[in-house]
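Novice: Sharing a structure below in structure tokens format, with a few things to ask.
Numbering (the working numbering), first residue to last: 1 to 327.
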């Protein structure tokens, strides 16, 4: 059974549990769905049969959804190939093929996981990186809230020590979500991480979330700083950091892809957090990041509330995006 058919069956059953688990995605991807899927539906009305004109308009639609030009070109090659091999002429049926192929782009038979690597012993250290203004601090607060709701003891460590107000801002968030905090202003970030992790071990923290500087315009300095931080972390807690999450603002589109590529050159990124996905009509960036950068999306921001940071689920994403085609 194709993914399209599988999700369609779920939708038909009207399972309340499924509805609860997908409604956040459904609401959060509304702008992309209205912009992309509604146009895809209209395309199927305009062209009832597959043609070269249909392919050209489909290609433009995919590019506008910010899936990425290179990804779209390879995707269109696969669609054309399937149309030829399976002798597909009906554009309504082709929608099912499109959904399946978009899913395949993300999964691609790889073992990349959207799950967080939790340490078996001692605190799990999550290093959070990203340029300033992408919602990094708010993401850390949402992650802290998520783990505290799961009964974990959380500490925030402010290692963005030179940006004006960064330490105070994170401290304020720690007070709002009622978790432990460690930070010092205008001092060596690696030293703050050393002291913060030492304190976290003393307090018996389960999760340590470390904020870092986002000065991507000076790659050399940032690389040196992150290398030093990583060494300090590994010295205090062997095998840590367990995750290095890159925060990207989904509304920045292809600029976000460039940030991901740049950070990948600097340090070992294990996962992406996409913020403000509910504020953009270009939700296809989820597929572009995976295809262009090869890093899984682990969390997506679908609103401003503390509870609006969702663990990424490819089936829920596809459902939220193509819900209107499933009726």
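Glycine residues also receive a C-beta, built at the ideal position from the N, C-alpha and C atoms.
Could you check which residue in 168, 139, 135, 174 has the C-alpha nearest to that of residue 154?
Specialist: Ranking 168, 139, 135, 174 by Cα distance to residue 154 puts 174 first.
Novice: Can you find the residues in the same chain that come closer than 7 angstroms, C-beta to C-beta, to residue 185, ignoring five residues on each side of it along the sequence?
Specialist: These residues qualify, in order along the chain: 161, 167.
Novice: Can you confirm whether the region 78-89 touches the region 115-132 when touching is taken to mean that 3 or more C-beta pairs between the two stretches lie within less than 8 angstroms?
Specialist: In short, these stretches do not touch, since the Cβ pair count stays below three.
Novice: Assuming residue 287 contacts residue 233 (C-beta within less than 8 angstroms), just tell me the rounded distance between them.
Specialist: About 32 angstroms separates the two Cβ atoms, so there is no contact after all.
Novice: So residue 69 is in the beta strand (DSSP E); what residue range does that whole segment cover?
Specialist: Note, residue 69: premise wrong, no beta strand (DSSP E); alpha helix (DSSP H) at 69-85.
Novice: Rounded to whole angstroms, what is the Cα-Cα separation between residue 325 and residue 23?
Specialist: Cα to Cα, the separation comes out at about 16 angstroms.
Novice: Can you tell me the Cβ-Cβ gap for residue 66 and residue 282, rounded? I've got them flagged as a contact below 8 angstroms.
Specialist: That belief holds up - the Cβ atoms of residue 66 and residue 282 are roughly 3 angstroms apart, short of 8 angstroms.
Novice: If we count the other Cβ atoms within 10 Å of its Cβ and call it buried at 16 or more, is residue 146 buried or exposed?
Specialist: Flag for residue 146 reads buried.
Novice: Is residue 177 helix, strand or coil by DSSP?
Specialist: Helix, per DSSP.
Novice: Restricting to Cα atoms, I'd like to know which of 143, 102, 91, 59 is closest to residue 321.
Specialist: The shortest C-alpha separation from residue 321 is found at 102.
Novice: Hey, would you say the C-beta of residue 87 is under 7 angstroms away from at least one heavy atom of the ligand GDP?
Specialist: What this structure holds is no ligand at all, so the ligand GDP is not there to describe.
Novice: To the nearest angstrom, report how far apart residue 93 and residue 278 are at their CA atoms.
Specialist: Between residue 93 and residue 278, the C-alpha separation is close to 28 angstroms.
Novice: Whose C-alpha, out of 244, 273, 318, 42, is nearest the C-alpha of residue 257?
Specialist: The candidate whose alpha carbon is nearest that of residue 257 is 273.
Novice: Residues bridged to residue 226 by DSSP?
Specialist: DSSP lists no partner for residue 226.
Novice: Have a look at residue 139 and residue 63 and give me their C-alpha separation to the nearest angstrom.
Specialist: Cα to Cα, the separation comes out at about 28 angstroms.
Novice: Since residue 197 is in the alpha helix (DSSP H), which residue starts that stretch and which ends it?
Specialist: Element bounds for residue 197: 189-203.
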